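Number of protein chains: 2
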Amino acid sequence: MTAPERPLRADARRNRETVLDAAGALFAQRGDAVQMDEIAERAGLGVGTLYRHFADKQALLAAIIGRRFEAMTALACAADETEDPWTAFETLLYGYLESVQADAAFRFALLGPEEPSWNDIAAEKADFSAITESIVQRAVDASRLRADFDAHDFVLITRGAMANMTGAGDWRRHVTLLLDGIRGPER
Amino acid sequence: MTAPERPLRADARRNRETVLDAAGALFAQRGDAVQMDEIAERAGLGVGTLYRHFADKQALLAAIIGRRFEAMTALACAADETEDPWTAFETLLYGYLESVQADAAFRFALLGPEEPSWNDIAAEKADFSAITESIVQRAVDASRLRADFDAHDFVLITRGAMANMTGAGDWRRHVTLLLDGIRGPER
DNA sequence: CATGAACCTGAACTCCGGTTCCGAATGTAA
DNA sequence: TTACATTCGGAACCGGAGTTCAGGTTCATG
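Protein chains in written order, with the numbering used here: chain A, 1 to 187; chain B, 188 to 374.
If you want it as structure tokens, here you go:
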């Protein structure tokens with residue numbers, strides 16, 4: 001498949017990291033609205049260098065998203081450590097949402113439609129999904145989540161919360177409503 | 188304030204409607220991704236004509252959104268007619284979401300950040316909010332909605348559902364979870 | 001019917017941002 | 001230290017999409 005490919009030159013490897021860091025910070029702040037020139041400037045490099053390391057803007061964005069998914073997986077693993085199934089679930093849910101809140105690019109990527117460039121991130125995504133599924137299952141088995149709750153529902157409530165990340169503490173309220181339901185005592 | 192301004196010429200008034208219809212259909216289908224040339228073509232007019240009636244693309248979009256809000260207000264009024272507070276609420280909620288589902292432009296407008304061009308739509312928006320508030324209040328007073336539920340929560344759950352309008356029946360499931368909560372029987 | 005204002009057309013213009021490209025610079029191996 | 005492949009820099013390029021405008025057309029009025 002892939003050629004033997006000799007390792008990157010020292011400076012190249014260093015620059016690659018620099019680009020990733022600069023892009024990560026800017027994308028997190030303003031989503032994909034940031035332009036290549038800005039990233040280059042922030043990284044202290046020329047635009048040409050960005051294109052040496054990434055085919056195009058989408059590829060760069062995809063790389064960043066991939067990174068985030070890895071971080072999310074780590075977070076989910078940590079949550080899965082805790083004994084109590086419900087605590088594990090809550091830890092995952094809130095940890096995930098708090099992270100997402102700080103990253104506009106990740107948010108848009110998750111809310112928007114599937115991009116073709118997401119393809120080579122499938123692995124990272126799958127890893128995260130697997131752990132999520134396990135945590136959800138534990139909570140269901142312990143009857144702390146409704147019996148028909150599944151991993152896809154996690155995505156649903158997660159997206160719902162993300163859509164409410166414009167104003168102040170809106171998304172937390174949204175999660176609260178989700179946890180307890182919106183009905184009143186009267187049947 | 189506004190000049191006396193003589194009425195539009197007959198053909199101009201007709202064309203204005205044509206533009207609004209064409210733009211409405213296209214925006215509903217593909218959001219603001221449609222381009223001015225497409226709208227002109229669909230309307231069977233030149234691009235220049237669009238600009239005779241609307242300052243720029245944003246203004247045109249705003250006009251369309253305004254129209255939708257009026258339709259939503261009508262829908263809400265109808266819902267407010269029904270006796271039972273809960274039925275009224277459900278009618279509003281589902282009616283609103285079904286309409287929104289069919290209109291990408293409206294959806295993006297509601298999910299995205301406030302645009303400056305939304306200013307001259309404030310009235311239509313306010314009308315809708317007023318009726319919504321009344322319906323919500325009735326349901327709360329009848330204890331069919333939790334006591335701390337307010338109009339802003341309606342916006343929250345509405346946005347949550349909209350964020351889940353990509354796949355099949357996802358948003359309905361999301362609303363179900365919202366209605367009943369996601370917890371299981373175990374405390 | 002004549003006159004002029006309002007209106008329409010659509011090719012051309014402009015701006016913006018992603019992408020390219022080649023000479024210069026730098027790292028690496030002999 | 002020399003030689004060369006790799007990498008970098010950033011001005012120039014390019015295509016796409018909103019907007020303009022000069023000239024022709026249509027409606028309304030006397």
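Note that CB positions come from ideal geometry on N, CA and C, so glycine has one too.
All of these numbers come straight from a predicted model, not from anything done at the bench.
Whole-number beta carbon distance between residue j and residue i, since they are thought to touch under 8 Å
i: F241/B; j: L247/B; result: 4 Å
i: A381/B; j: V362/B; result: The requested residue 381/B is not part of the displayed model; chain B covers only 188 to 374.
i: L332/B; j: G184/A; result: 5 Å
i: G66/A; j: I121/A; result: 4 Å
i: E38/A; j: L26/A; result: 6 Å
i: E373/B; j: A109/A; result: With 8 Å as the limit, E373/B and A109/A do not qualify as a contact, their Cβ atoms being about 35 Å apart.
Cα-Cα separation between residue i and residue j, rounded to whole angstroms
i: S62/A; j: G169/A; result: The amino acid at residue 62/A is misidentified as Ser; the sequence shows Ala. Roughly 29 Å separates the two Cα atoms.
i: G31/A; j: G231/B; result: 37 Å
i: L111/A; j: R159/A; result: 7 Å
i: R172/A; j: M36/A; result: 34 Å
i: L280/B; j: H339/B; result: 13 Å
i: S304/B; j: D56/A; result: 33 Å
i: D271/B; j: I157/A; result: 29 Å
i: E285/B; j: L262/B; result: 11 Å
i: A292/B; j: G46/A; result: 38 Å
i: E81/A; j: F128/A; result: 15 Å
i: M188/B; j: T260/B; result: Low confidence applies to M188/B: its pLDDT is 46, below 50, so where it sits in the model is not reliable enough to give any reading.
i: A334/B; j: V342/B; result: 17 Å
i: V100/A; j: T166/A; result: 12 Å
i: P113/A; j: R107/A; result: 12 Å
i: Q216/B; j: I251/B; result: 13 Å
i: F336/B; j: L195/B; result: 47 Å
i: Y283/B; j: G48/A; result: 49 Å
i: A22/A; j: D103/A; result: 14 Å
i: R14/A; j: N202/B; result: 60 Å
i: E41/A; j: E17/A; result: 15 Å
i: A265/B; j: A258/B; result: 11 Å
i: V206/B; j: V221/B; result: 13 Å
i: Q58/A; j: G24/A; result: 13 Å
i: D125/A; j: A199/B; result: Reading off the sequence shown, one finds Lys at residue 125/A, where the question assumed Asp. In a straight line, the C-alpha of K125/A is about 54 Å away from that of A199/B.
i: I369/B; j: S134/A; result: 17 Å
i: R239/B; j: A197/B; result: 15 Å
i: E302/B; j: R6/A; result: 50 Å
i: D367/B; j: A310/B; result: 34 Å
i: N119/A; j: N306/B; result: 40 Å
Reduced DSSP category for residue i - H, G, I as helix; E, B as strand; rest coil
i: L332/B; result: strand
i: R16/A; result: helix
i: D198/B; result: helix
i: R6/A; result: coil
i: M188/B; result: Confidence is the limiting factor: at M188/B the pLDDT is only 46, short of 50, which leaves the residue's position unreliable and the question unanswerable from this model.
Using 8 Å as the threshold, is the stretch 323-339 of chain B in touch with the stretch 266-279 of chain B, meaning 3 or more CB pairs across them? Contact holds: three or more Cβ-Cβ distances are below 8 Å.
In the stretch 334-350 of chain B, which residues sit with their C-beta less than 9 Å from some C-beta in chain A, listed in chain order? A334, F336, H339, D340, V342, L343, I344, R346, G347, A348, M349 and A350
Got a sec: which bits of the stretch 163-181 of chain A sit with their beta carbon under 8 Å from any beta carbon on chain B, in order along the chain? The stretch 163-181 of chain A vs chain B, Cβ under 8 Å: A163, N164, T166, D170, R173, H174, L177, L178, L179, D180 and G181.
Residues in the stretch 104-122 of chain A with C-beta within 8 Å of chain B's C-beta atoms, listed in sequence order? L111 and P113
Check distances from the C-beta atoms of the stretch 251-284 of chain B to those of chain A and list, in chain order, the residues that come in under 8 Å. none
For the stretch 13-36 of chain A, which residues have a CB atom closer than 9 Å to at least one CB atom of chain B, in sequence order? none
Taking any Cβ of chain A, which residues in the stretch 318-329 of chain B have a Cβ under 8 Å from it, in chain order? A326, V327 and A329
With 8 Å as the C-beta to C-beta threshold (strictly closer), list the residues of the stretch 34-61 of chain A near chain B in chain order. none
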